[in-house]
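Student: Sequences listed follow chains G, B, U and H, in order.
Taking the working numbering, the leading residue of the first sequence gets 1, the next gets one more, and so forth.
Taking the working numbering, the leading residue of the second sequence gets 1, the next gets one more, and so forth.
Taking the working numbering, the leading residue of the third sequence gets 1, the next gets one more, and so forth.
Taking the working numbering, the leading residue of the fourth sequence gets 1, the next gets one more, and so forth.
C-beta atoms are modelled at their ideal positions from N, C-alpha and C, and glycine is treated no differently.
Okay, handing you the structure first.
Protein chains: 4
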Amino acid sequence: MPASDTATLLIHCPDQPGLVHEVTGFIFAHQGNILDLEQHIDPHENLFFMRVEWSLEKFTLNRDAIASLFAPLGERHQMWWKLQFSSERKRLALFVSKESHCLYDLLSRHESGELPVHIPLIISNHETLKSAAARFDIPFHHFPISPSNKVEQEKAQLDLLKHHHIDTIVLARYMQIIGESLINAYPNHILNIHHSFLPAFIGAKPYHQAYERGVKLIGATSHYVTTDLDQGPIIHQDVMKVSHEESVEDLVRLGKDLEKTVLAKALWWHVTNKVLVYHNKTVVFS
Amino acid sequence: MPASDTATLLIHCPDQPGLVHEVTGFIFAHQGNILDLEQHIDPHENLFFMRVEWSLEKFTLNRDAIASLFAPLGERHQMWWKLQFSSERKRLALFVSKESHCLYDLLSRHESGELPVHIPLIISNHETLKSAAARFDIPFHHFPISPSNKVEQEKAQLDLLKHHHIDTIVLARYMQIIGESLINAYPNHILNIHHSFLPAFIGAKPYHQAYERGVKLIGATSHYVTTDLDQGPIIHQDVMKVSHEESVEDLVRLGKDLEKTVLAKALWWHVTNKVLVYHNKTVVFS
Amino acid sequence: MPASDTATLLIHCPDQPGLVHEVTGFIFAHQGNILDLEQHIDPHENLFFMRVEWSLEKFTLNRDAIASLFAPLGERHQMWWKLQFSSERKRLALFVSKESHCLYDLLSRHESGELPVHIPLIISNHETLKSAAARFDIPFHHFPISPSNKVEQEKAQLDLLKHHHIDTIVLARYMQIIGESLINAYPNHILNIHHSFLPAFIGAKPYHQAYERGVKLIGATSHYVTTDLDQGPIIHQDVMKVSHEESVEDLVRLGKDLEKTVLAKALWWHVTNKVLVYHNKTVVFS
Amino acid sequence: MPASDTATLLIHCPDQPGLVHEVTGFIFAHQGNILDLEQHIDPHENLFFMRVEWSLEKFTLNRDAIASLFAPLGERHQMWWKLQFSSERKRLALFVSKESHCLYDLLSRHESGELPVHIPLIISNHETLKSAAARFDIPFHHFPISPSNKVEQEKAQLDLLKHHHIDTIVLARYMQIIGESLINAYPNHILNIHHSFLPAFIGAKPYHQAYERGVKLIGATSHYVTTDLDQGPIIHQDVMKVSHEESVEDLVRLGKDLEKTVLAKALWWHVTNKVLVYHNKTVVFS
Numbered sequence: 001m002p003a004s005d006t007a008t009l010l011i012h013c014p015d016q017p018g019l020v021h022e023v024t025g026f027i028f029a030h031q032g033n034i035l036d037l038e039q040h041i042d043p044h045e046n047l048f049f050m051r052v053e054w055s056l057e058k059f060t061l062n063r064d065a066i067a068s069l070f071a072p073l074g075e076r077h078q079m080w081w082k083l084q085f086s087s088e089r090k091r092l093a094l095f096v097s098k099e100s101h102c103l104y105d106l107l108s109r110h111e112s113g114e115l116p117v118h119i120p121l122i123i124s125n126h127e128t129l130k131s132a133a134a135r136f137d138i139p140f141h142h143f144p145i146s147p148s149n150k151v152e153q154e155k156a157q158l159d160l161l162k163h164h165h166i167d168t169i170v171l172a173r174y175m176q177i178i179g180e181s182l183i184n185a186y187p188n189h190i191l192n193i194h195h196s197f198l199p200a201f202i203g204a205k206p207y208h209q210a211y212e213r214g215v216k217l218i219g220a221t222s223h224y225v226t227t228d229l230d231q232g233p234i235i236h237q238d239v240m241k242v243s244h245e246e247s248v249e250d251l252v253r254l255g256k257d258l259e260k261t262v263l264a265k266a267l268w269w270h271v272t273n274k275v276l277v278y279h280n281k282t283v284v285f286s
Numbered sequence: 001m002p003a004s005d006t007a008t009l010l011i012h013c014p015d016q017p018g019l020v021h022e023v024t025g026f027i028f029a030h031q032g033n034i035l036d037l038e039q040h041i042d043p044h045e046n047l048f049f050m051r052v053e054w055s056l057e058k059f060t061l062n063r064d065a066i067a068s069l070f071a072p073l074g075e076r077h078q079m080w081w082k083l084q085f086s087s088e089r090k091r092l093a094l095f096v097s098k099e100s101h102c103l104y105d106l107l108s109r110h111e112s113g114e115l116p117v118h119i120p121l122i123i124s125n126h127e128t129l130k131s132a133a134a135r136f137d138i139p140f141h142h143f144p145i146s147p148s149n150k151v152e153q154e155k156a157q158l159d160l161l162k163h164h165h166i167d168t169i170v171l172a173r174y175m176q177i178i179g180e181s182l183i184n185a186y187p188n189h190i191l192n193i194h195h196s197f198l199p200a201f202i203g204a205k206p207y208h209q210a211y212e213r214g215v216k217l218i219g220a221t222s223h224y225v226t227t228d229l230d231q232g233p234i235i236h237q238d239v240m241k242v243s244h245e246e247s248v249e250d251l252v253r254l255g256k257d258l259e260k261t262v263l264a265k266a267l268w269w270h271v272t273n274k275v276l277v278y279h280n281k282t283v284v285f286s
Numbered sequence: 001m002p003a004s005d006t007a008t009l010l011i012h013c014p015d016q017p018g019l020v021h022e023v024t025g026f027i028f029a030h031q032g033n034i035l036d037l038e039q040h041i042d043p044h045e046n047l048f049f050m051r052v053e054w055s056l057e058k059f060t061l062n063r064d065a066i067a068s069l070f071a072p073l074g075e076r077h078q079m080w081w082k083l084q085f086s087s088e089r090k091r092l093a094l095f096v097s098k099e100s101h102c103l104y105d106l107l108s109r110h111e112s113g114e115l116p117v118h119i120p121l122i123i124s125n126h127e128t129l130k131s132a133a134a135r136f137d138i139p140f141h142h143f144p145i146s147p148s149n150k151v152e153q154e155k156a157q158l159d160l161l162k163h164h165h166i167d168t169i170v171l172a173r174y175m176q177i178i179g180e181s182l183i184n185a186y187p188n189h190i191l192n193i194h195h196s197f198l199p200a201f202i203g204a205k206p207y208h209q210a211y212e213r214g215v216k217l218i219g220a221t222s223h224y225v226t227t228d229l230d231q232g233p234i235i236h237q238d239v240m241k242v243s244h245e246e247s248v249e250d251l252v253r254l255g256k257d258l259e260k261t262v263l264a265k266a267l268w269w270h271v272t273n274k275v276l277v278y279h280n281k282t283v284v285f286s
Numbered sequence: 001m002p003a004s005d006t007a008t009l010l011i012h013c014p015d016q017p018g019l020v021h022e023v024t025g026f027i028f029a030h031q032g033n034i035l036d037l038e039q040h041i042d043p044h045e046n047l048f049f050m051r052v053e054w055s056l057e058k059f060t061l062n063r064d065a066i067a068s069l070f071a072p073l074g075e076r077h078q079m080w081w082k083l084q085f086s087s088e089r090k091r092l093a094l095f096v097s098k099e100s101h102c103l104y105d106l107l108s109r110h111e112s113g114e115l116p117v118h119i120p121l122i123i124s125n126h127e128t129l130k131s132a133a134a135r136f137d138i139p140f141h142h143f144p145i146s147p148s149n150k151v152e153q154e155k156a157q158l159d160l161l162k163h164h165h166i167d168t169i170v171l172a173r174y175m176q177i178i179g180e181s182l183i184n185a186y187p188n189h190i191l192n193i194h195h196s197f198l199p200a201f202i203g204a205k206p207y208h209q210a211y212e213r214g215v216k217l218i219g220a221t222s223h224y225v226t227t228d229l230d231q232g233p234i235i236h237q238d239v240m241k242v243s244h245e246e247s248v249e250d251l252v253r254l255g256k257d258l259e260k261t262v263l264a265k266a267l268w269w270h271v272t273n274k275v276l277v278y279h280n281k282t283v284v285f286s
């Protein structure tokens, strides 16, 4: 993690010779020093993927100018591209329900300075974790959800998120299906943690499903939320061994450690601008 | 692994106080010294599970007598039980198709003495691995399978298996669905290796399915074969990390290492009498 | 984890036939129902190891009577044995310095009810984490340590620990070597987390040592503290992959996740009475 | 793994702006299409590291010309660089002693086409594995080693290696310390597999050392051989969980699976030109 301010470009486009040379030429022309570059192609689909991060210390363009000057190059090669700056910390809203483990994990990483983000607010459909939020001095907003008020409440949530300039939503064990208005407002910017190794055990009570099937590993999956339940692009997954001795309650308890670390790792990659989404899959330049 | 000859009892039955005391009393009464005992209960279903292994060095009963003397105790408590001896090596038939990695892995473990079994024969629906079998001096039997001859060929296979006193079938990447006659003749004695983390990616081409979904881990699962495809009791599973850089061909290549080690480990537990099957799940006393 | 109250016996002694039968006979004689039993021997040293946990629901002995009635049996077989009750929650003192990650991890597990212990106090040689303790309403005691006051301060700490009936000390990244008076007062009851895969990288700055050596995995080790630095009985270890891209600062950051989970897991086994120490090694009946 | 022929450049040099641009400009100038590029810097030492692989399908330079034309660019920036071609398969000599598991593993990978190398010969200080080599039709050369003949025998081995144009030596559990004449003839081209998680348990009988210390994980490490025993640059490491139930003999048996897969993975990276050595550490562009 470089100490000084950096810029990062994520790119995908049809492949052709000379692309790396041209992009790095743009950076070099303005005195940028590249710190990290990863590029690969998908030969089956003739696609080019790249991430490049460079130091802004001696870079001669100011931030606003970079995008406008890079745009013609991108257009010439039909690039999808995204420019981000390490100094512009992501602004997170944490959505929670009754379980505290992911919330405490993220709040303690934030408080210690490990996780370089702003967390202006916590939103919940229950009041259970109000005191947890208070322990870390983060404003807590209670939005009880019922079938009759769901659309209206999500509209109110969206207003609140916009008011706080939130750019990333983290569903930290939020046990409520998010509606389309929120999803469409934050495409590939809502991270969920699902308590199974997707695509196994989609939907409700995955630990119960895992117990019934007698699997020897339990998992957790962090993915971006799309309108297809548990079907969005996977960012990170991990598993742990379990045995016949574990009850469903044991799986629930043990799985919390997976959920915490998988969500935190996926979020780390998201906030350090390492994740590119293409065709419902992620490229994680880790 | 004890050097001397041992006996092993696997037991499950309704739970009640005194069961461990009574079973160990039977062993102690005949001068048996217990080397290893594991017992637990399933409190939800009130079930008792146990594995006990004892030395036969000073045991005063001969083998044939043990079962007949233990039977009344088992009957009294409605026990399912199974008695096995370390000196009676399992007799394996390896079923293969065209891929050699699991076959070579098992044959080299057998040749070095690591895997304490007999392998009287290899059966295949193709001739591809005939030379591989020949390298390790194991008789190779070719049974080409077509929809029209399948029933007849499996009957011939069954005759051959019985002739060689085979007690365990290992499907070492055998790419042919086994028929009911074989499955019913070897209940919980046919081990398969499926190249995914079951229940994800059941059926054909799991690595292609994994690639399409964009998972970040690939897996392998060894299970006992039942008449429900890929639904039998799971013995062992493992996974490895993959990334966006891997093509389907890379997943296929990388997955071979998982398939080899997961199958070999499941087989190890099977041949050392560590696996008990109950209600389509395994208890692995590892 | 059984809901009702249970008793647990940990035992080691010279091996001989009949020991399991005799111990389980003691339990059965008083109407105890065994929930979980693990026993094995070390054939090289002729040693017997066992853990048995039984329900006290219908047990006819009261707690004080169990130990006195079991003592003659133990003496007869030269047993080391330890009797513990699930209802008697361990009383922990957390020792910390400046790093908050292990502290927050344990406090949030405690607060959510996941970790069944009492935490009457936190002790630190710095004031840095005073506010962290306050967030979770745990009394914080500051004991600044210098070469000149170390003996005296540890005496004061010991008085405080005794006053609060502390039975287990957790060094949650306490960066100060504990003196003999404390160690001898809490034999095999002080858990440390060392930030390396011991015995690699003993002593100070293990992540720097790991970086210098160019290892491809970093680790963490939780062990009981003895008077030999970083040489006590190992309870749990785990590792994670790292690469050439990680700086020392990255290793420090990544390693925190290992430290948290390894310490929490070791502590779980300690407080659920799963750990037996013999000859500077642990038997973890997990 | 691209189907067509590719060229790969590994580079390290002092960092400065424009290096990626210049190297990719060289490739683009001759119609090369880059398939994969990874670059990063070490900010503490101001070092630049890079691997780039490009297709030779439409490349306008022939192989011999590439190096001579690239040389001035490399010299201008004080680069260490290495050019390799996917079509030039590495020529391996396998050194073995009495244990067959790594040998069989590599030979079966080679026979199935998974490992794209030539293996012209096997060298051993014992005759034990002569029949194993014969099974796979690889010439076997027996060089018994004693203190009195060691220098002379290594000279004969070196002659044989040169005669067969061997470029990589794989010590596949060769239990004999290699002399300086061989090491100096193959700098960073001799791969060893050590049966511990280095730097823990350097030297003889690491599983015995691991058992004595009571570690909860055993490991294996593949590294390039230098004149400092077990101190060369580490290419790959992995571990597996063990418990108190495992005897030393169990650790030896279980560890074989680690040794096989760790050595095979390190060798894969070596033969696919993914490994760069710098200051006794490796950069693995995996």
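#1: Just checking: is the beta-carbon of residue 217/G within a distance shorter than 9 Å of some beta-carbon in chain H?
#2: Consult DSSP for residue 163/U and reduce its assignment to one of helix, strand or coil.
#3: Taking the alpha-carbon positions, what's the residue 284/B to residue 271/B distance?
#4: Give me the Cα-Cα distance between residue 119/U and residue 134/G, rounded to the nearest whole angstrom.
#5: So, is the C-beta of residue 74/B closer than 9 Å to a C-beta in chain U?
#6: Using the rule of at least 16 other Cβ atoms within 10 Å of the residue's Cβ for burial, across every protein chain shown, is residue 142/U buried or exposed?
#7: Could you please give the first and the last residue of the uninterrupted alpha helix (DSSP H) stretch that includes residue 213/H?
#8: Run down chain U in chain order and give the residues with a C-beta less than 7 Å from the C-beta of residue 237/H.
#9: Shortest alpha-carbon distance to residue 220/G belongs to which of 117/G, 153/G, 262/G?
#10: Work out the CA separation of residue 260/U and residue 126/U for me, nearest whole Å.
#11: In chain order, what residues of the same chain lie with their CB nearer than 6 Å to the CB of residue 268/U, ignoring the 5 residues before and after it?
#12: Measure the alpha-carbon distance for residue 12/H versus residue 82/H and round it to whole angstroms.
#13: Between 168/H, 124/H, 170/H, 61/H, which has its C-alpha nearest residue 156/H's C-alpha?
#14: Can you find a CB in chain B that lies within less than 9 Å of the CB of residue 211/H?
#15: Is the CB-CB distance between residue 10/G and residue 78/G below 9 Å?
#16: Tell me whether residue 44/G is buried or exposed, calling it buried when 16 or more other Cβ atoms sit within 10 Å of its Cβ.
#17: Touching or not, the region 200-208 of chain U and the region 237-245 of chain U, by the rule of three or more beta carbon pairs under 8 Å?
#18: Can you list the residues of chain B that residue 112/H reaches, using a CB-CB cut of under 7 Å?
#19: With DSSP as the reference, please indicate the residues paired to residue 85/G in a beta bridge.
#20: Under 8 Å, with one C-beta from each stretch per pair, do the region 90-100 of chain G and the region 19-26 of chain G reach the 3-pair mark?
#21: Give me, in chain order, the residues of the same chain whose beta-carbon lies closer than 6 Å to that of residue 1/G; leave out the 5 immediate sequence neighbours on both sides.
#22: Mind checking which residues open and close the alpha helix (DSSP H) that includes residue 120/G?
#23: For the alpha helix (DSSP H) holding residue 98/H, just list the boundary residues, first then last.
#24: Of all the CB atoms in chain H, is at least one closer than 9 Å to the CB of residue 24/G?
#25: Might you give, ordered along the chain, the residues of its own chain that have their beta carbon closer than 7 Å to the beta carbon of residue 109/H, omitting 5 neighbours on each side?
#26: Starting from residue 38/H and walking both ways along the beta strand (DSSP E), at which residues does that stretch end?
Tutor: Here's the rundown:
#1: With respect to chain H, the C-beta atom of residue 217/G has no partner C-beta closer than 9 Å.
#2: Here residue 163/U sits in helix by DSSP.
#3: One C-alpha to the other measures close to 12 Å.
#4: Cα atoms of residue 119/U and residue 134/G: separation of roughly 21 Å, rounded to the nearest angstrom.
#5: It does not: the Cβ of residue 74/B has no partner Cβ on chain U nearer than 9 Å.
#6: By the neighbour-count definition (other C-beta atoms within 10 Å, threshold 16), residue 142/U is an exposed residue.
#7: Element bounds for residue 213/H: 206-213.
#8: Simply 215, 216, 217.
#9: Just measuring C-alpha positions, the residue of 117/G, 153/G, 262/G sitting nearest residue 220/G is 262/G.
#10: Computed Cα separation, rounded: 20 Å.
#11: So the list is empty, once near-sequence residues are dropped.
#12: Rounded to whole angstroms, residue 12/H to residue 82/H spans 10 Å at the Cα level.
#13: Comparing Cα-Cα distances from residue 156/H to each of 168/H, 124/H, 170/H, 61/H, the minimum goes to 124/H.
#14: False, the Cβ-Cβ gap to chain B never drops below 9 Å.
#15: The Cβ atoms of residue 10/G and residue 78/G lie no closer than 9 Å to each other.
#16: Per the 10 Å Cβ criterion, exposed.
#17: Output reads no: the region 237-245 of chain U does not touch the region 200-208 of chain U.
#18: Per Cβ cutoff of 7 Å: 100, 101.
#19: Paired residues: 7/G.
#20: No, they do not touch.
#21: Because residue 1/G carries a pLDDT of 43, less than 50, the predicted location of this residue cannot be relied on, and the following value inherits that uncertainty. Cβ neighbours of residue 1/G beyond the five flanking positions: none.
#22: Looking at the DSSP string, residue 120/G is not in any alpha helix (DSSP H); the run it does join, the beta strand (DSSP E), is 118-124.
#23: DSSP places residue 98/H outside any alpha helix (DSSP H), giving it a letter other than H or E.
#24: Residue contact with chain H for residue 24/G: present (Cβ-Cβ distance below 9 Å to some residue of chain H).
#25: Counting only Cβ-Cβ distances below 7 Å, and skipping sequence neighbours, we find 115, 264.
#26: Element bounds for residue 38/H: 33-42.
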